[in-house]
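Chemist: Take a look at this one; I'll ask things after.
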Amino acid sequence: DGPGGRPPAGPPRRAEPRRAPEPEKSGKTGYIVLAVAGIAAVIAAILLAKSLLKSGGNNSDKQTPDFGVGAITVQDAQNLLSKPENQGWSLTGNGADCNGVSDTDRRAGKKDTIVAQSPAPNSFTKPGPITYCLSLGPQLGAVPDKATLNKMDDPALRAYLTAAKFNLANAIVIQQNDDKIPAGKIIDVFDGTPGNSIAGQKNLNVNNVTIGWVVSQGQKQIPLSAAQYKGQDADSVVKIIQNQGFTKVQKLLETTGVGAGQQANTVTRITPGDGTYAPDQQIIVYYAPQPPPPTTSANSPTCDPQQGQDCNTPTTSPTGTTQPTGSGPTTNPSCQIGGIFGCPSTPTSTKHGGG
2 DGPGGRPPAG PPRRAEPRRA PEPEKSGKTG YIVLAVAGIA AVIAAILLAK
52 SLLKSGGNNS DKQTPDFGVG AITVQDAQNL LSKPENQGWS LTGNGADCNG
102 VSDTDRRAGK KDTIVAQSPA PNSFTKPGPI TYCLSLGPQL GAVPDKATLN
152 KMDDPALRAY LTAAKFNLAN AIVIQQNDDK IPAGKIIDVF DGTPGNSIAG
202 QKNLNVNNVT IGWVVSQGQK QIPLSAAQYK GQDADSVVKI IQNQGFTKVQ
252 KLLETTGVGA GQQANTVTRI TPGDGTYAPD QQIIVYYAPQ PPPPTTSANS
302 PTCDPQQGQD CNTPTTSPTG TTQPTGSGPT TNPSCQIGGI FGCPSTPTST
352 KHGGG
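Structure (structure tokens):
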């Protein structure tokens, strides 16, 4: 025994390491594996079913043949259905089964081609009769000739083209001056560009036409500045105004006294005055007349009838007798009183020499 009657101490105990708890076993992993396997089986079944349908397997449903839109005729469709893979399908009806078919589709392709079918193409169903809708062919329209267009305005043309089924959503409208077509009337109708006129054409495929038209603005207006020409040479001004594009320019003598004192043949006024006018506007250029001639005596050597001078006005001679200003022999006044003094009417000549 040890001291104090206690037994001797033994060797110290070793602490054993604590083990980590074992994970609890659960069924979650198994469920996940089963779910994945189930999804894979469903996908495989779907793929197998599609494969069987397309290959004409045991399932009675087949993919409906596709006739397209405006692509084939009735005869073409019958040839397609006669193939072994399309056994069981047939055409029925007369091509008028067009419920739900848009007007655009009914005009697709050439006339009497198939534009719709029922059952729908590429759908899976039991083979049987197929109804169909035939195309009416392209919508055809006509455009009035130019003589008719020139009498129509924009609203009237729009109404006409709309009734003819032309698409005016992107219509091209051009304004243009014209010397013959009144303002607001139609000059021409074109396809795409103004140079490509379709006026008077018939049986046009309205779906293939980019419609447009030209509206007249009437004659081109020309500005006239009349006041600036006052006092200028009238002949020169007439030429200047004609060169501006005016076709009816006339020169007239001023008779109202306007521009009195101006140099002869210079512009006194122009009618109409300043403004903007059509090329065929009547333009009148008034010019100043020659100044009045100075007063001259009858026997003045400067008296000239060609200059507008009155050379026949009687004048008084220094002796108080009246003499005519005209040419011709001078007569004694006393000889004019009944010829009582026997005055000769013409001078006599005196002969000299024998005879």
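Under the numbering used here, the letters of the sequence shown match residues 2 to 356, in that order. By construction, the Cβ of each residue, glycine as well, lies at the ideal position given by its N, Cα and C atoms.
1) If contact is defined by three or more beta carbon pairs under 8 Å, each pair taking one atom from either stretch, is the region 170-186 in contact with the region 233-240?
2) Answer yes if the region 278-287 comes into contact with the region 248-266, meaning at least three C-beta pairs across the two stretches below 8 Å, and no otherwise.
3) Once you ignore the five residues that flank GLY39 on each side, which residues in its own chain have a CB closer than 6 Å to its CB?
4) Of the residues ALA109, VAL216, VAL210, ALA45, which one's Cα is nearest the Cα of ALA157?
5) Between ARG107 and ALA165, what straight-line distance do the alpha-carbon atoms span, to the nearest angstrom?
6) What number of angstroms, rounded off, separates the C-alpha of THR149 from the C-alpha of ASP189?
7) Evaluate THR65 with the Cβ neighbour count: other Cβ atoms within 10 Å of its Cβ, from every protein chain shown; 16 or more gives buried, anything less gives exposed.
8) Would you mind working out which of ALA42, PRO183, ILE175, GLN222 sits nearest ILE212, comparing C-alpha positions?
9) Going by Cα to Cα distance, which pick from ALA279, GLU86, ASP98 is closest to GLN218?
10) Between the alpha carbons of LEU92 and GLN79, how many angstroms are there, rounded?
11) Pairing CB atoms from the region 67-74 with CB atoms from the region 112-132, are three or more of them under 8 Å?
12) Relative to the C-alpha of ASP155, which candidate in LEU169, ALA143, GLN202 has its C-alpha closest?
13) By DSSP, does THR222 sit in helix, in strand, or in coil?
14) State the beta-bridge partners of CYS99 as determined by DSSP.
15) Rounded to the nearest angstrom, what separates GLY321 and VAL268 at their Cα positions?
16) From what residue to what residue does the alpha helix (DSSP H) around ARG107 run?
17) Using only CA atoms, which one of LEU162, GLN243, PRO292 lies nearest to GLY262?
18) Alpha carbon to alpha carbon, what distance is there between LEU82 and ASN59?
19) To which residues of the same chain is GLN202 closer than 6 Å at the C-beta, ignoring the five residues directly before and after it?
20) State buried or exposed for LYS249, treating a residue as buried only when at least 16 other CB atoms are found within 10 Å of its CB.
Modeler: Taking the definition as stated:
1) no
2) yes
3) Your numbering for residue 39 matches position 38 in the sequence shown. Nothing meets the Cβ criterion.
4) The residue you call residue 157 lines up with position 156 of the sequence shown. The candidate whose alpha carbon is nearest that of ALA157 is VAL216.
5) Taking the sequence shown and counting its residues from 1, the one referred to as residue 107 is at position 106. Taking the sequence shown and counting its residues from 1, the one referred to as residue 165 is at position 164. Rounded to whole angstroms, ARG107 to ALA165 spans 16 Å at the Cα level.
6) Here residue 149 corresponds to residue number 148 of the sequence shown, with the count starting at 1. Here residue 189 corresponds to residue number 188 of the sequence shown, with the count starting at 1. Their backbone Cα atoms lie some 10 Å apart in a straight line.
7) Locating residue 65 in the sequence shown gives position 64, where the first residue counts as 1. Buried is the label assigned to THR65, since at least 16 other Cβ atoms lie within 10 Å of its Cβ.
8) Counting from 1 along the sequence shown, the entry for residue 212 is found at position 211. The shortest C-alpha separation from ILE212 is found at ILE175.
9) Within the sequence shown, the letter at position 217 stands for residue 218. Among ALA279, GLU86, ASP98, the Cα nearest to that of GLN218 is on ALA279.
10) Here residue 92 refers to the residue found at position 91 of the sequence shown. Here residue 79 refers to the residue found at position 78 of the sequence shown. Going from the Cα of LEU92 to the Cα of GLN79 covers about 7 Å.
11) yes
12) Here the question's residue 155 lines up with position 154 in the sequence shown. Measuring from the Cα of ASP155, the nearest candidate turns out to be LEU169.
13) The sequence position of residue 222 within the sequence shown is 221, counting from 1. It is Gln, not Thr, that sits at residue 222 in the sequence shown. Coil.
14) The count along the sequence shown starts at 1 and reaches residue 99 at position 98. Paired residue(s): none; CYS99 is not in a bridge.
15) The residue given as residue 321 occupies position 320 in the sequence shown. The residue given as residue 268 occupies position 267 in the sequence shown. Note on GLY321: pLDDT 45, under 50, position unreliable in the model; the coordinate value appears next. If you take the alpha carbons of GLY321 and VAL268, they lie about 47 Å apart.
16) Numbered from its first residue, the sequence shown carries residue 107 at position 106. First-last of the alpha helix (DSSP H) with ARG107: 104-107.
17) Here residue 262 corresponds to residue number 261 of the sequence shown, with the count starting at 1. Minimum Cα distance to GLY262 is reached at PRO292.
18) Translated into the one-based positions of the sequence shown, residue 59 becomes position 58. Translated into the one-based positions of the sequence shown, residue 82 becomes position 81. Its pLDDT being 42, under 50, ASN59 is placed unreliably by the model, and nothing is read from it.
19) Taking the first residue of the sequence shown as 1, we reach residue 202 at position 201. Hits under 6 Å: VAL144.
20) Taking the sequence shown and counting its residues from 1, the one referred to as residue 249 is at position 248. The residue in question, LYS249, is exposed, as its Cβ has fewer than 16 Cβ neighbours within 10 Å.
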